[in-house]
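Worksheet for the structure shown next.
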Amino acid sequence: MKKSKTWKRVNTYLQSPQLVDLLNAWISAVERYTSQFPDNPWSYNERAILSTLAGAAWTMDGWVAMEEFATSKRLRKLEPGVDHGDKLRNGRCDLFVSSPEASFVFEAKQANQPIGARSDGYSYAYKAMDAAWKDIGDVQVGEADYRFAATFVVPMIPLGEITPEGGTLGDICAKKVEGFLKPWLEKTMGCLGKDAKYQDFAFVFPNLGNTDYVMRGRHYPGVVLVLKERRRATSRSAV
């Protein structure tokens, strides 16, 4: 198969150099994997793709990462009276990452989101974002300098909608793939267009049109990592 272009981008709202470094390292980790194996890390599950973010941290000098570490979280139980947020339970946080200058904790979800002519393009993605947001709210503020809800969104396109003219089902037109991704990334994910500069995200679509990235009649061209920072009193949304 002829090699096509890889489409990738990183943006952080406040242009945090540490977050930019981590997201760029994450894209490099994904590209390293896809250049060595015919499959990809977003075709499995949340733990698989999250491991690429943890692994990316370890590639940088002075950075460390730890997955699934034990911590104290807010107790999710409604009781009569005033909730002061001081009731805790034992739990686990998905990922801790630290650089020499800053530390981050992440609660992650993965959404496999159908896009295309017959899909809304957002239902599973938004549901996963909401779940990650709630989870990171349970992590104590003192765990790290920054708390992020991290949602890995994997777009899925029916093969019948991206077959090249004169081709057979299973052939993929990279231009058609890009034609579906662009409006979805802009209007639904907020990763293109005038509003993209206000978001925290990274996306990578290696070798657009790669026929290896096909399962059950759908093409999985790449992955979008959407971040939403949770602060004590205010928040800024990545979408």
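Each residue of the sequence shown is one higher than the one before, counting from 467 in the numbering used here. Built from N, CA and C at the ideal position, the CB exists for glycine as well.
Simplified DSSP assignment, three categories, for residue i
i: Leu-554; result: Model confidence at Leu-554 stands at a pLDDT of 48, short of 50, so the residue's coordinates are unreliable and nothing is read from them.
i: Leu-480; result: coil
i: Arg-697; result: coil
i: Leu-658; result: coil
i: Ser-509; result: helix
i: Glu-652; result: helix
i: Thr-537; result: strand
i: Leu-561; result: strand
Range of the contiguous alpha helix (DSSP H) that encloses residue i
i: Asp-487; result: 483–502
i: Ala-668; result: Ala-668 -> not in any alpha helix (DSSP H); beta strand (DSSP E) instead, spanning 666–671.
Test item: CB-CB of residue i and residue j under 8 Å
i: Phe-572; j: Phe-614; result: yes
i: Val-620; j: Tyr-664; result: no
i: Ser-517; j: Met-681; result: no
i: Gln-533; j: Gln-576; result: Note that residue 533 corresponds to Glu in the displayed sequence, not to Gln. Contact flag unset, no.
i: Leu-691; j: Ala-616; result: yes
i: Ala-594; j: Asn-477; result: no
i: Ser-482; j: Trp-529; result: no
i: Trp-473; j: Phe-671; result: yes
Residues near residue i in its chain [Cβ-Cβ closer than 7 Å; skip 5 each side]
i: Ser-470; result: Ala-640, Asn-673, Leu-674, Gly-675
i: Ala-568; result: Gln-484, Asp-611, Tyr-612
Other residues of its chain near residue i: CB distance less than 8 Å, five sequence neighbours each side excluded
i: Leu-625; result: Leu-635, Gly-636, Ile-638, Val-680, Gly-683, Arg-684, His-685
i: Arg-697; result: Arg-613
Cutoff 8 Å: residue i Cβ touching any chain B Cβ
i: Leu-674; result: Going by chain labels, chain B is absent from the structure shown, which holds only one protein chain.
Every unbroken alpha helix (DSSP H) within the segment 581–645, with a cutoff of 4 residues, ordered by chain: 589–604
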